[in-house]
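Going by my numbering, the first residue of the sequence shown is number 16, and it counts up by one from there.
Note that beta-carbon positions come from the ideal geometry of N, C-alpha and C, so glycine has one too.
To start, the structure itself, in structure tokens.
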Amino acid sequence: MEDPAGHQVVVGGGSGNKLSKIALIIFGLLILVVVSEFAYLWYTQKARPKLEESGITEIPIVNNLVAETPLPEIIGAILYPEKAFVFAEHIQRIKDLGKEEFIRSAWASYSIRGNVVEAVREEKEIDGVFYGYKIKIENTNKDKTLSFRFTNQEIETAIIFSVTGDKAGQKLNFEDIKPGYFLSIKVVSDLLDSTTDSSLFLEVSSFGQ
């Protein structure tokens, strides 16, 4: 029968039913352990060696940031930067209380993407910061563009790789990024590590190649 909330209620059930349930639970746990072991063996023998051979170091996945599949169409988005301020206030409050050891991890990240219309080595100083490379991307409608400049340090440390075709997983250089390619630029910062700057990840898709 059903209770007033509409949830199914099981009535009766002797010791035999209880034993059957326990046996099913134990069997389910065993299946879960076996599947986990196979997944771990596949990763250590197949996926991880492939990453190491391609020269790509393992990248921390933050909210599926790095594992995102690039799309050829730029979908409009609404930005709510006030959420970042609220997040920062929470972190600052914990720091002010002197209880930072309770924080397990803290990341800040954002990702932009678009079709490349310009990728050139261009030296320019803006607000006292020297930049050495410029990439300009545009949206699907080709009515808006966004320029992204990189410092010399970012040029040296950025991780650039292809995510499509025969070159999927292959490490690239800035010079490999050409107009017409689809590009995703991801900036990741570990808020618990004061010794490093933000990490840059560039995913390149050469559609139609």
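- Residue pairing for Phe197: DSSP places it in a beta bridge opposite Asn130, Ser220.
- For the 8 Å CB-CB criterion, Glu137 and Lys149 form a contact.
- Taking the CA atoms as reference points, Trp122 sits about 28 Å from Val131.
- DSSP places Val178 outside any beta strand (DSSP E), giving it a letter other than H or E.
- Here DSSP, grouped into helix, strand and coil, assigns Glu138 to coil.
- Bridge partners of Val144 according to DSSP: Ile141.
- Between the region 211-219 and the region 163-182, the count of Cβ pairs shorter than 8 Å is three or higher; the stretches touch.
- Annotated three-state conformation of Asp111 is helix, per DSSP.
- In the DSSP assignment, Thr172 falls within the unbroken alpha helix (DSSP H) covering 167-172.
- About 7 Å separates the CB atoms of Gly129 and Leu198; that is less than 8 Å, so the two are in contact.
- Within its own chain, no residue has a Cβ closer than 7 Å to the Cβ of Lys157 once the five positions on either side in sequence are excluded.
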